[in-house]
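Asker: Protein sequence lines, in the order shown, are assigned to chains A and B.
Here the first sequence stands for residues 1 to 266, where the numbers follow our numbering.
Here the second sequence stands for residues 1001 to 1266, where the numbers follow our numbering.
Protein chains: 2
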Amino acid sequence: VDAMANSGAAAGLRERLRIRAGGFKGSTAGLAPGNVQANLVILPRDLAQDFLHFTVANPKPCPLLAVSRAGDPHLPTLAEDVDIRTDLPRYRIWRNGELTDEASDLMSLWRDDFVSFAIGCSFSFEEALVDGGLEIRHLACGSNVPMYRTNRACVPAGVFRGPLVVSMRPFTPADAIRAIQITSRFPTVHGAPVHIGLPEALGIADLAKPDYGDAVPVHAGELPVFWACGVTPQAVVVETKPDICVTHAPGCMLITDLRNAQLAML
Amino acid sequence: VDAMANSGAAAGLRERLRIRAGGFKGSTAGLAPGNVQANLVILPRDLAQDFLHFTVANPKPCPLLAVSRAGDPHLPTLAEDVDIRTDLPRYRIWRNGELTDEASDLMSLWRDDFVSFAIGCSFSFEEALVDGGLEIRHLACGSNVPMYRTNRACVPAGVFRGPLVVSMRPFTPADAIRAIQITSRFPTVHGAPVHIGLPEALGIADLAKPDYGDAVPVHAGELPVFWACGVTPQAVVVETKPDICVTHAPGCMLITDLRNAQLAML
Chain A
1 VDAMANSGAA AGLRERLRIR AGGFKGSTAG LAPGNVQANL VILPRDLAQD
51 FLHFTVANPK PCPLLAVSRA GDPHLPTLAE DVDIRTDLPR YRIWRNGELT
101 DEASDLMSLW RDDFVSFAIG CSFSFEEALV DGGLEIRHLA CGSNVPMYRT
151 NRACVPAGVF RGPLVVSMRP FTPADAIRAI QITSRFPTVH GAPVHIGLPE
201 ALGIADLAKP DYGDAVPVHA GELPVFWACG VTPQAVVVET KPDICVTHAP
251 GCMLITDLRN AQLAML
Chain B
1001 VDAMANSGAA AGLRERLRIR AGGFKGSTAG LAPGNVQANL VILPRDLAQD
1051 FLHFTVANPK PCPLLAVSRA GDPHLPTLAE DVDIRTDLPR YRIWRNGELT
1101 DEASDLMSLW RDDFVSFAIG CSFSFEEALV DGGLEIRHLA CGSNVPMYRT
1151 NRACVPAGVF RGPLVVSMRP FTPADAIRAI QITSRFPTVH GAPVHIGLPE
1201 ALGIADLAKP DYGDAVPVHA GELPVFWACG VTPQAVVVET KPDICVTHAP
1251 GCMLITDLRN AQLAML
């Protein structure tokens, strides 16, 4: 475990330093392989308490890996050196529920009441699926995972409310069963699927028209399998309209020193 | 564990004594709740070695709980007192692949080259599903589980070959995912499903026409979930046509002293 943790720390630090120095603005997919990457939500302290309750009430879309103290840009349980203001390649700034800006760092925007939430990301369980011999369609296509707003409401908490967003990966029935088994081991990165096989039951009229990401082909003999998705907080922000909220830009995650294998329950 | 094992032994012995005395000829479903019940296959020694290889090659339909020595009617690892000749309510006698007789005991039929195979039964995982809060449709209907011959061949071994037989239970997608998680813990009683959602991929043209057992309604918004079934050996016997084979009659299982909870992997 020490050797594993050390290799994760070295690779994680290397990538964070590169991003922190401004030398990398792209997707973090595939960087520091085996390291946990995280979705980011930043909110002012007066909203953060409600959002913390929201994550507790909705652990499938919002599995919380770490939360900071107000004004503190560090998340030392994820990596000692993390500076949340500089360590993601790109950020999105949301004002009153609308995406108003992207930024490559938060140095000028940072406030001493900002609270950071690091939320588990599907990159972790996708690694476990690939290690398990399964083909992940959007990776084979070189595209982003298709994501859909559903007709299911998250459990509201304080001011926060909104729809559950799901990601979809098609599998043959036998592979779908295996995917359920594998991802059940990783509850802190969305865990088991929330749905399988019947998109209309989630209010998804057309799998070819995702609300986020890219459509992927679902072949004859395959079932669509749906996982709760870390984009849910962005849909919630759009609906809740906080004065200000910062998130990661799509695919531009926080690279931590934790190892995906360390998250396995079993 | 000792207390659990003792309670299993007391209830198991009570039911076996009643059956052994000839006082009970019905289904063992619901008897000695929590105790493992087993499918039975008896074959002459000259075929038993091939059949043992068949069970090893096909652990999902034929998870082996115990196998006897030739001529020995006891299976002491399942319960000290078991006499396989008398302890099931009813038996089926198959000659050259055809069901020729039923018997309430095997005292006159017994041969000193008979080898008994006790194979895991879905009663065990159904108990875990019910404990998990899931409704099992055929239990709600008071009927037998629907079973289907599939277009999938078992892995042949020696003279034994034949189709995989599956049992089907319909669930909503969320309950299907939960059922996969729960039954994955019980590999010695068929374990996780082998298929979900697309009966035509198994060569099942009409769910309303099972090959064994009774049809059950599959409601809108539900998926059929398919488990490998302990009736597979009977389909194999029909195809392989051994001179003689004895099995349990449908629903008339061997009640052991093992507890279902003892079979859980996790």
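All residues carry an ideal CB built from backbone N, CA and C; glycine is no exception.
Quick caveat, the model's predicted, so the values are computed rather than measured.
Of the residues Gly213(A), Ile19(A) and Gly230(A), which one's Cα is nearest the Cα of leucine 106(A)?
Answerer: Ile19(A)
Asker: Would phenylalanine 51(A) be called buried (16 or more neighbouring beta carbons within 10 Å of its own) or exposed?
Answerer: buried
Asker: Going along the chain, which unbroken runs of the beta strand (DSSP E) with 3 or more residues stay wholly within the region 210-258 of chain A?
Answerer: As far as the region 210-258 of chain A is concerned, its whole beta strand (DSSP E) runs of at least 3 residues are 223-228 and 245-248.
Asker: At a cut of 8 Å, does the region 139-150 of chain A reach the region 85-96 of chain A through at least three beta carbon pairs?
Answerer: no
Asker: With DSSP collapsed to three states, give me the class of arginine 1018(B).
Answerer: helix
Asker: Tell me whether the beta-carbon of histidine 195(A) lies closer than 8 Å to the beta-carbon of proline 63(A).
Answerer: no
Asker: Looking at the unbroken beta strand (DSSP E) that takes in leucine 1064(B), where does it start and where does it end?
Answerer: 1064-1067
Asker: Considering only the beta carbon of each residue, do glycine 1120(B) and leucine 1031(B) sit closer than 8 Å?
Answerer: no
Asker: What separation, rounded to the nearest whole angstrom, lies between the Cα atoms of cysteine 1252(B) and glycine 8(A)?
Answerer: 56 Å
Asker: Within 10 Å of its beta-carbon, does aspartate 257(A) have 16 or more other beta-carbons around it, so buried, or fewer, so exposed?
Answerer: Counting Cβ neighbours within 10 Å, aspartate 257(A) comes out buried, since at least 16 surround it.
Asker: At which residues does the beta strand (DSSP E) containing valine 1041(B) begin and terminate?
Answerer: 1035-1044
Asker: From glutamate 15(A) to leucine 88(A), what does the alpha carbon distance come to, in whole angstroms?
Answerer: 10 Å
Asker: Run through chain B and tell me which residues come within less than 7 Å of histidine 195(A), C-beta to C-beta.
Answerer: Pro1173 and Ala1174
Asker: Step through the CB atoms of chain B and report whether any lies within less than 8 Å of the CB of glycine 132(A).
Answerer: no
Asker: Report yes if the C-beta distance between phenylalanine 1125(B) and phenylalanine 1186(B) is below 8 Å; otherwise report no.
Answerer: yes
Asker: DSSP three-state call for asparagine 144(A): helix, strand or coil?
Answerer: Coil, per DSSP.
Asker: Express the C-alpha separation of asparagine 58(A) and alanine 1021(B) in angstroms, rounding to a whole number.
Answerer: 57 Å
Asker: I'd like the list of long-range same chain contacts for isoleucine 1182(B), defined as Cβ closer than 8 Å, with 5 residues on each side in sequence excluded.
Answerer: Phe1125, Ala1128, Leu1129, Gly1132 and Leu1134
Asker: Between the alpha carbons of serine 68(A) and histidine 1138(B), how many angstroms are there, rounded?
Answerer: 51 Å
Asker: From valine 1(A) to alanine 118(A), what does the alpha carbon distance come to, in whole angstroms?
Answerer: Annotation note: pLDDT 43 at valine 1(A) (below 50); position unreliable, no value reported.
Asker: Per DSSP, which one or two residues make a beta bridge with alanine 157(A)?
Answerer: Under DSSP, alanine 157(A) shares a beta bridge with Phe160(A).
Asker: Taking the DSSP output, what are the residues bridged to alanine 103(A)?
Answerer: Tyr91(A)
Asker: For valine 305(A), name the three-state secondary structure that DSSP assigns.
Answerer: Because chain A spans 1 through 266 in this model, residue 305(A) falls outside it and cannot be assessed.
Asker: From the DSSP output, in three-state form, read off leucine 1026(B) for me.
Answerer: Residue identity check: residue 1026(B) is glycine in the sequence provided, not leucine. Of the three classes helix, strand and coil, the one that applies to glycine 1026(B) here is coil, per DSSP.
Asker: Whose CA, out of Tyr1148(B), Phe1114(B) and Asp1101(B), lies closest to the CA of aspartate 1214(B)?
Answerer: Tyr1148(B)
Asker: Over the uninterrupted beta strand (DSSP E) stretch that includes valine 115(A), give me the two end residues.
Answerer: 114-120
Asker: Roughly how many angstroms separate the alpha carbons of asparagine 260(A) and alanine 179(A), rounded to a whole number?
Answerer: Computed Cα separation, rounded: 16 Å.
Asker: Check whether chain A comes within 8 Å of valine 1001(B), counting only Cβ atoms and requiring the distance to be less than that.
Answerer: Because the pLDDT at valine 1001(B) is just 43, under 50, the model does not fix this residue reliably, and the value given afterwards should be weighed accordingly. Using a Cβ-Cβ cut-off of 8 Å, valine 1001(B) does not count as an interface residue toward chain A, since no Cβ of chain A sits closer than that to its own.
Asker: Decide if the region 1159-1177 of chain B is in contact with the region 1035-1051 of chain B; the criterion is three or more beta carbon pairs, one per stretch, under 8 Å apart.
Answerer: Flag = yes, the region 1159-1177 of chain B and the region 1035-1051 of chain B touch.
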